[in-house]
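J.: Taken in order, these protein sequences are the chains called A and B.
Numbering-wise, UniProt numbering puts 339 at position 339 of the first sequence, and it's gapless, one number per residue.
Numbering-wise, UniProt numbering puts 73 at position 73 of the second sequence, and it's gapless, one number per residue.
Below is a structure I'd like to ask you about.
2 protein chains.
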Amino acid sequence: MNIKEVAKKAGVSVATVSRVLNHPESVAPDTKQRILDVIQELEYTPNWFARGLNFNKTDTIGLLIPNILNPSYMEIAKGVEDVSHQKNYNTLLCNGENAIEKERKYVDILVKRRVDGIVLVSSLLESDDIENITKQGIPVVLIGENRGDIKGIPIVRIDCEGASYKAVRHLIDIGYKDIAIIYGSTPEKENKRKVDGYRQALAEEGITEREEYLQEAPNTIEGGYIAGKRLNDLKHRPRAIFTSSDILAFGAIDAMKDHGVKVPEEVAFVGFDNIRMSNLIEPKLTTVEKPMHKMGVVGARLLFDIIDTKGEDITNREILLQSKLKIRKSCGHKERIGEIF
Amino acid sequence: MNIKEVAKKAGVSVATVSRVLNHPESVAPDTKQRILDVIQELEYTPNWFARGLNFNKTDTIGLLIPNILNPSYMEIAKGVEDVSHQKNYNTLLCNGENAIEKERKYVDILVKRRVDGIVLVSSLLESDDIENITKQGIPVVLIGENRGDIKGIPIVRIDCEGASYKAVRHLIDIGYKDIAIIYGSTPEKENKRKVDGYRQALAEEGITEREEYLQEAPNTIEGGYIAGKRLNDLKHRPRAIFTSSDILAFGAIDAMKDHGVKVPEEVAFVGFDNIRMSNLIEPKLTTVEKPMHKMGVVGARLLFDIIDTKGEDITNREILLQSKLKIRKSCGHKERIGEIF
DNA sequence: ATGAAAGCGCTAACAG
DNA sequence: CTGTTAGCGCTTTCAT
């Protein structure tokens, strides 16, 4: 079914049919109605490719996330999708799987498909890769920090370093000194910042850092388990552990329990993200609340701003969202159950 | 950058350039090389729309799931994506949000975009909706049962009824009689089957059903919490609860704990799905292991079979996958920690 | 082995 | 207000 058949059946030219689809106001009411009827009758829908060939626009955005099975990324994805769906856009969700080649491949596909914009979540891409995208006129927005240094690419993020500092500070305030950190290998830069925040809190208190208290691990439950076990096997087991994500904490807590270590009585925990599950495990996890859904929403809005205005005045925008420390049970704090900034 | 410029620069006709891209063997080695060089130099990539206009093929499949935040659906999605990515296909992930209008809208978009096939996960669509898709020549595969009765649409699923029967049977074997069920409002049909399995197990034992032990709830953690609370408020609280999904169990267990009820000492639990988190909560959840990733993989393979063979001999295929009962702590079983069929 | 040209389905400028 | 027609970028006969 194509426009020609519709035109023939309605006794008009293809141009007129095209008009009722794209500029309905410029067509006489009765001809318009007649054509509309035929369209309905023939169940005609314009060919997607032909349209694209003319408009060079897809009403689609690409969304690249590091791991589709990680709930915190999915919450961001949900935020993006909410906005894009509401704008009648489609979202092409790509699962980078923490592998730069896979990310590159996906970006390639997205570019080839002429998506109208791309949202990159904590990606591994280098600045060159990103430049390649924008050079083709496709706007990019970052959610969470990227590996490469990016100049002039809008980004929405939180203050990882500050948030981590406060989290560790809280642990110190309670009275712990032997504090370890488990940080994910990805996303690289953000986790580096989290380590920095951790260090800063320790340094401020004159606590000397122990090499073996810095544990890197894949950012998965399993990764957390292994790192937790390593920490437990240490001659001098830490009294408290800060993790760069909740799922790492889940794994590490599980490891402790498996080895008969009591949480938080023997080892206290503070996580990062506040995913939905974090107050369901035992003990409920004290964690940094990262506004993931909101980050997705804000990121998508930013992207659409650029798309809609063709990126006129939006240069080098950086949006910093707030995160709070959510104090629950796992940190072993006696009284202050609640939230602080 | 388009094919014309490449042709000009290489001193050949556009036809020849097109040939090296689509039928390289039909071009003289040296001309081919020359053209390849120019392509590289000019960073030429064929226009996706123009290609589509000719081939009417997108190398894209659509995947519609009920809820992007539900880990069990994401595991299925991962399975589908794994296969499709490996086949160099793209996956358009759509979040139906348990709303039939949103599902319809998405399917509409997918059809308009001429995706090469669609995977529907436990969708709300009626058989008419699905017929509308297949009528347009787009193959459809179902993962998990649909709302409508579908004839001749390939499906991969598990035996919900049998699995639930065994789960409840296990509860009975341990010695419980007052057994309740919390079942999600979606996916409708599968949960109906789970209720059937539950009923059958009770009936077999001559246990009379109590109306108030059948609790329907939204298939979310929150839904589980509310249903759990309702069950706890009952004059005669059940001694054991079977839930149609793990996340419902998570919510209900949380509710019990909040009200000072001990799990499994006072109320035992058996879930359904065996998502990764289910052995991290306290107590570790006894649950029906549903092979979600595998369902995704098998479903996608099935779809590609149809796409590749143009659906010649694949009629009315139904693939039934096995699920096991995974016995952990939450059911309160003393000895048999492990797996049974 | 290569080129010329038709055509995929649609949009928009130009004429009337 | 509507029709004619020239593209959009590519693939593929049909010649040569």
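Quick reminder that beta carbons are idealized off the backbone N, C-alpha and C, glycines included.
Source: prediction; values computed, not measured.
What would DSSP say about residue 184 of chain A, mapped onto helix, strand or coil?
T.: Here residue 184 of chain A is taken as the residue at index 184 of the first sequence, counted from 1. Residue 184 of chain A: strand per DSSP, three-state reduction.
J.: Rounded to whole angstroms, what is the Cα-Cα separation between residue 125 of chain B and residue 109 of chain A?
T.: Taking the first residue of the second sequence as 1, we reach residue 125 of chain B at position 125. Taking the first residue of the first sequence as 1, we reach residue 109 of chain A at position 109. Their Cα atoms are separated by approximately 30 Å.
J.: Output, in chain order, the set of chain B residues within a Cβ distance shorter than 9 Å of residue 92 of chain A.
T.: Counting from 1 along the first sequence, the entry for residue 92 of chain A is found at position 92. Those are 60, 90, 91, 92 and 93, listed as they occur along chain B.
J.: Kindly indicate if chain B contains any beta-carbon less than 9 Å away from that of residue 85 of chain A.
T.: As a first step, residue 85 of chain A is located in the first sequence; it is residue number 85 there, counting from the start. Yes, residue 85 of chain A counts as interfacial toward chain B.
J.: For chain A, is any of its Cβ atoms less than 9 Å away from the one on residue 124 of chain B?
T.: In the second sequence, residue 124 of chain B corresponds to position 124, counting from 1. No - not a single Cβ of chain A is within 9 Å of the one on residue 124 of chain B.
J.: So that I know if they touch, is there some Cβ in chain B lying closer than 9 Å to that of residue 197 of chain A?
T.: If you number the first sequence from 1, residue 197 of chain A lands on position 197. So, not an interface residue.
J.: So, helix, strand or coil for residue 258 of chain A, using DSSP?
T.: Residue mapping note: residue 258 of chain A aligns to position 258 of the first sequence, counting from 1. Helix.
J.: Could you check the C-alpha separation between residue 320 of chain A and residue 289 of chain A for me, to the nearest Å?
T.: The count along the first sequence starts at 1 and reaches residue 320 of chain A at position 320. The count along the first sequence starts at 1 and reaches residue 289 of chain A at position 289. Going by the C-alpha atoms only, they are around 14 Å apart.
J.: Determine the extent of the beta strand (DSSP E) in which residue 91 of chain A is found, giving its start and end residues.
T.: Taking the first sequence and counting its residues from 1, one reaches residue 91 of chain A at position 91. Taken as a continuous stretch (DSSP letters only), the beta strand (DSSP E) holding residue 91 of chain A covers 90 to 95.
J.: Using a Cβ-Cβ distance cut-off of 9 Å, determine whether residue 218 of chain A contacts chain B.
T.: Here the question's residue 218 of chain A lines up with position 218 in the first sequence. No, its Cβ sits nowhere closer than 9 Å to a Cβ of chain B.
J.: Have a look at A:75, A:182 and A:331 and flag the residue whose alpha-carbon is nearest the alpha-carbon of residue 218 of chain A.
T.: Walking along the first sequence from the start, residue 218 of chain A turns up at place 218. Residue A:182 is the option with its Cα nearest to residue 218 of chain A.
J.: Show which residues of chain A have a CB atom less than 7 Å away from the CB atom of residue 276 of chain B.
T.: Your numbering for residue 276 of chain B matches position 276 in the second sequence. Within 7 Å Cβ-Cβ: 221.
J.: Between residue 112 of chain A and chain B, is any beta-carbon pair separated by less than 9 Å?
T.: Looking up residue 112 of chain A in the first sequence gives position 112. At least one chain B Cβ lies under 9 Å of residue 112 of chain A.
J.: Since residue 74 of chain A meets chain B, which of its residues come closer than 7 Å, beta carbon to beta carbon?
T.: Walking along the first sequence from the start, residue 74 of chain A turns up at place 74. Chain B residues near residue 74 of chain A: 68, 69 and 74.
J.: Rounded to whole angstroms, what's the CA-CA distance from residue 1 of chain B to residue 39 of chain B? Just pull it up for me.
T.: Numbered from 1 along the second sequence, position 1 holds the residue referred to as residue 1 of chain B. Numbered from 1 along the second sequence, position 39 holds the residue referred to as residue 39 of chain B. About 10 Å.
J.: If you draw a straight line from the alpha carbon of residue 341 of chain B to that of residue 160 of chain B, how long is it in whole angstroms?
T.: Locating residue 341 of chain B in the second sequence gives position 341, counting from the first residue. Locating residue 160 of chain B in the second sequence gives position 160, counting from the first residue. In this prediction, residue 341 of chain B scores a pLDDT of 45, lower than 50, which makes its location untrustworthy; the coordinate-derived value is nonetheless stated afterwards. So the alpha carbons of these two residues sit roughly 13 Å apart.
J.: Is any beta-carbon of chain A found at less than 9 Å from that of residue 5 of chain B?
T.: Residue numbering aside, residue 5 of chain B sits at position 5 when the second sequence is read from its first letter. By this cut-off, residue 5 of chain B is not an interface position.
J.: Does residue 240 of chain A come within less than 9 Å of chain B when only Cβ atoms are used?
T.: Within the first sequence, residue 240 of chain A is the residue found at index 240, counting from 1. Residue 240 of chain A does not count as touching chain B.
J.: List the residues of chain B that residue 78 of chain A touches, going by C-beta distances under 8 Å, in chain order.
T.: Looking up residue 78 of chain A in the first sequence gives position 78. Going along chain B in sequence order, the residues near residue 78 of chain A (Cβ under 8 Å) are 68, 69 and 95.
J.: On the DSSP bridge list, what partners appear for residue 60 of chain A?
T.: If you number the first sequence from 1, residue 60 of chain A lands on position 60. According to DSSP, residue 60 of chain A bridges with A:90.
J.: From residue 54 of chain B to residue 148 of chain B, what distance separates their C-alpha atoms?
T.: Reading the second sequence from its first residue, position 54 is the one you call residue 54 of chain B. Reading the second sequence from its first residue, position 148 is the one you call residue 148 of chain B. Their backbone Cα atoms lie some 36 Å apart in a straight line.
J.: For residue 322 of chain A, count the other beta carbons within 10 Å of its own beta carbon; 16 or more makes it buried, fewer makes it exposed. Which is it?
T.: Within the first sequence, numbered from 1, the residue matching residue 322 of chain A stands at position 322. Residue 322 of chain A is exposed by the Cβ-count criterion.
J.: Do the region 280 to 289 of chain B and the region 269 to 285 of chain A touch if we need at least three Cβ pairs shorter than 8 Å?
T.: Verdict: yes, contact present.
J.: From residue 307 of chain A to residue 93 of chain B, what does the alpha carbon distance come to, in whole angstroms?
T.: Numbered from its first residue, the first sequence carries residue 307 of chain A at position 307. Numbered from its first residue, the second sequence carries residue 93 of chain B at position 93. Answer to the nearest angstrom: the Cα atoms are 22 Å apart.
J.: Which term fits residue 103 of chain B, buried or exposed, when burial requires 16 or more other beta carbons within 10 angstroms of its beta carbon?
T.: Numbered from its first residue, the second sequence carries residue 103 of chain B at position 103. Buried, since its Cβ has 16 or more Cβ neighbours within 10 Å.
J.: Tell me whether residue 274 of chain A is buried or exposed, calling it buried when 16 or more other Cβ atoms sit within 10 Å of its Cβ.
T.: Position 274 of the first sequence, counting from 1, holds the residue named residue 274 of chain A. Per the 10 Å Cβ criterion, buried.
J.: Is residue 221 of chain A closer than 9 Å to residue 330 of chain A when the C-beta atoms are compared?
T.: In the first sequence, residue 330 of chain A corresponds to position 330, counting from 1. In the first sequence, residue 221 of chain A corresponds to position 221, counting from 1. Not a contact, by the Cβ cut-off of 9 Å.
J.: Taking all protein chains shown into account, do 16 or more other C-beta atoms lie within 10 angstroms of the C-beta of residue 129 of chain A, making it buried, or fewer, making it exposed?
T.: Locating residue 129 of chain A in the first sequence gives position 129, counting from the first residue. Flag for residue 129 of chain A reads buried.
J.: Which runs of the beta strand (DSSP E) spanning at least 3 residues fall entirely within the region 269 to 310 of chain A, listed in chain order?
T.: Entirely contained in the region 269 to 310 of chain A, the beta strand (DSSP E) runs reaching 3 residues are, in chain order, 286 to 289.
J.: Under a Cβ-count criterion, where at least 16 other Cβ atoms within 10 Å of its own Cβ denotes burial, should residue 135 of chain B be classed as buried or exposed?
T.: Numbered from its first residue, the second sequence carries residue 135 of chain B at position 135. When all chains shown are included, residue 135 of chain B counts as exposed.
J.: Name the chain A residues whose beta carbon is nearer than 7 Å to that of residue 50 of chain B?
T.: Mapped onto the second sequence, residue 50 of chain B falls at position 50. Those are 53, listed as they occur along chain A.
J.: Roughly how far, in whole angstroms, is the beta-carbon of residue 208 of chain A from the beta-carbon of residue 224 of chain A, given that I think they are within contact range, below 8 Å?
T.: Mapped onto the first sequence, residue 208 of chain A falls at position 208. Mapped onto the first sequence, residue 224 of chain A falls at position 224. About 25 Å; that fails the 8 Å criterion.
J.: Considering residue 19 of chain B, what are the terminal residues of the alpha helix (DSSP H) in which it resides?
T.: On the second sequence, position 19 is the one that residue 19 of chain B refers to. Per DSSP, residue 19 of chain B belongs to the alpha helix (DSSP H) from 14 to 22.
J.: Cβ atoms of residue 234 of chain A and residue 212 of chain A: under 9 Å apart, would you say?
T.: Position 212 of the first sequence, counting from 1, holds the residue named residue 212 of chain A. Position 234 of the first sequence, counting from 1, holds the residue named residue 234 of chain A. Against a cut-off of 9 Å, the Cβ pair of residue 234 of chain A and residue 212 of chain A comes out as a contact.
J.: Check each residue of the region 242 to 276 of chain B: if its Cβ is closer than 7 Å to any Cβ of chain A, include it; give the result in chain order.
T.: Per Cβ criterion, the list reads 250, 254 and 276.
J.: Going straight from the alpha carbon of residue 245 of chain B to that of residue 99 of chain B, what length do you get?
T.: If you number the second sequence from 1, residue 245 of chain B lands on position 245. If you number the second sequence from 1, residue 99 of chain B lands on position 99. Straight-line Cα distance between these residues: approximately 19 Å.
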